[in-house]
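Engineer: Numbering (my numbering), first residue to last: 111 to 458.
Glycine included, each C-beta is placed from N, C-alpha and C at the ideal position.
Since this is a predicted model, take the numbers as computed values, not measurements.
Let me give you the structure first, and then I'll get to my questions.
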C-alpha cells in the first residue's frame, strides 16, 4: 500500500494526497502594499495544477512592520482580501486545498525602522543572510503592544477565513516573533511573558481560533531545536507544543533552527534530517504532524509516510525546481498518475 497518494482528512480539511507545498517567501510584492500579484497567482496555481494536496502560502505579515522585507505579503487590511480570494478560488478548481502562513518577523524584520522583540537583544546572522548585512537592534515590546500584536493575528486570521482558505498556519519557527518568545536565549523578560515562554503563543492560538470555523484545523510550524550555542532542545519544544495543543493546535509542522548562526551543533545536510523531530512530536502529542526538510526524493518522502514518522510531507525547494513535483512523485511511487487532461499526452 503506497501512502503518498492516499487521502487525508482532519476536521473539515480533506486532502487528495499527503503532499504539502511548504511556505516559501517570494519577495515579489510590487508596491510594498502586501497584496499578491500575478507572480503569486501563477506560482501557487501552478502547484495546484501540479497535483499538490495542500499548498501553504508564504509567511504573510499581520502588520506592515512585521514583515521580513517590504516585498513580502501582508494580511493587515480588508482591501487585501480580494487578491487572496482570486488565488484560493483558482487553486480549488484543480482539486488542491490551500492554507496561508501568518506571522510576524519580530527582530528579524529587515526593513522595519525599529524592529521589535520580546527583549532588546539583537539577532545574529551571517552578513550574506540579510539584505543589509545584519539585523537592526530591536526594542522590547510593551505589554500593550503584545496585546495589539495578538489582535493583529486574530484580524489576519479573520481575513484569511473570509478569503476562503482551507486552513491557517502560524509561523512559530525559524527565529521569528513567536519563536523568539518561546526561546529562553532570546526572551529575557521579567514579566508574565518571560516567566511562561508559552504564554504569547497560547494567547495567539486562542485568539486566532476564536475567528476560525470549528471544522477548520489550525497548523503551527515550530523549530524542534535551535542550533545556536545554549539554544533549546527537543524536550523544551515538546513542552511548549503540549501547551499549544491544549490551546487548540490541530497539526504541528516540524522544522528546526533558523535562529542565529549555528554553534557547535549544526543542522543536517542529508535527506530527511528533520524527520526524527517530526516523529518525536507525533509520538508525544498524538496528533497529525507534517515533516519537512530535504524530502524532495519521492522514495524518502514515501518512506517517511509509510513508516508513520509523519502524516504529511512538505516539499519546498523541490517544488521551486519542479511545479509538477507532486504528479511526478506519485507516478514514481505508484506507477500511475491522473494529470490534468490538458497534460495527459505528456504525463502518463
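Could you check which residue in 334, 177, 160 has the C-alpha nearest to that of residue 207?
Structural biologist: 160
Engineer: Can you name, in chain order, every residue of its own chain whose Cβ lies under 6 Å from the Cβ of residue 195, other than the five neighbours on each side?
Structural biologist: 273, 274
Engineer: When you compare only the Cα positions, how much space is there between residue 217 and residue 132?
Structural biologist: Our two residues, residue 217 and residue 132, have alpha carbons roughly 23 Å apart in a direct line.
Engineer: Does DSSP classify residue 375 as helix, strand or coil?
Structural biologist: coil
Engineer: Please classify residue 431 as buried or exposed, where buried requires at least 16 neighbouring CB atoms within 10 angstroms.
Structural biologist: exposed
Engineer: Name the residue from 186, 451, 205 whose alpha carbon lies nearest to the alpha carbon of residue 124.
Structural biologist: 205
Engineer: How far does the alpha helix (DSSP H) with residue 292 in it extend, from its first residue to its last?
Structural biologist: If you look at residue 292, you'll find it in the alpha helix (DSSP H) that goes 287-292.
Engineer: List the DSSP bridge partners of residue 425.
Structural biologist: Answer is 131.
Engineer: Can you give me the start and stop residues for the alpha helix (DSSP H) that residue 461 sits inside?
Structural biologist: Only positions 111 to 458 of the chain appear in this structure, which leaves residue 461 out of reach.
Engineer: Please state the DSSP three-state secondary structure of residue 232.
Structural biologist: coil
Engineer: Taking the Cβ atom as the reference point for each residue, do residue 328 and residue 359 lie within a distance shorter than 7 Å?
Structural biologist: yes
Engineer: Grab the span of the beta strand (DSSP E) containing residue 356 for me, first residue to last.
Structural biologist: Run containing residue 356: none in the beta strand (DSSP E); it sits in the alpha helix (DSSP H), 344-357.
Engineer: Select from 179, 230, 416, 213 the residue whose C-alpha is nearest the C-alpha of residue 220.
Structural biologist: 179
Engineer: Nearest by alpha-carbon distance to residue 279: which of 428, 171, 193 is it?
Structural biologist: 171
Engineer: Starting from residue 167, follow its DSSP beta bridges and name the residues at the other end.
Structural biologist: Residue 167 is bridged to 210.
Engineer: Would you say residue 252 reaches chain D, if we count a Cβ-Cβ gap shorter than 7 Å as a contact?
Structural biologist: Considering every chain present, this structure includes no chain D. It has just one protein chain.
Engineer: Where do the ends of the beta strand (DSSP E) carrying residue 120 lie?
Structural biologist: According to the DSSP assignment, residue 120 belongs to the beta strand (DSSP E) that extends over 118-120.
Engineer: Report the rounded CA-to-CA distance for residue 392 versus residue 420, giving the unit in angstroms.
Structural biologist: 7 Å
Engineer: For the segment 162-170 and the segment 254-262, state whether three or more C-beta atom pairs, one from each stretch, are separated by less than 8 Å.
Structural biologist: no
Engineer: Below 8 Å on the Cβ atoms is my contact criterion, and I expect residue 411 with residue 114 to pass it. Report the Cβ-Cβ distance as a whole number of Å.
Structural biologist: 6 Å
Engineer: Note down, one range per segment and in chain order, each beta strand (DSSP E) of at least 3 residues found wholly within the segment 236-304.
Structural biologist: Listed in chain order, the complete beta strand (DSSP E) runs (minimum 3 residues) inside the segment 236-304 are 277-282.
Engineer: Taking all protein chains shown into account, do 16 or more other C-beta atoms lie within 10 angstroms of the C-beta of residue 455, making it buried, or fewer, making it exposed?
Structural biologist: exposed
Engineer: From 344, 282, 263, 189, pick the residue whose C-alpha is nearest to that of residue 316; which is it?
Structural biologist: Just measuring C-alpha positions, the residue of 344, 282, 263, 189 sitting nearest residue 316 is 263.
Engineer: Can you pull the DSSP bridge partners for residue 365?
Structural biologist: 333
Engineer: Three-state secondary structure (DSSP) at residue 312?
Structural biologist: helix
Engineer: Using DSSP bridges, identify the partner residues of residue 125.
Structural biologist: 118
Engineer: Rounded to a whole number of angstroms, what is the C-alpha to C-alpha distance between residue 443 and residue 228?
Structural biologist: 46 Å
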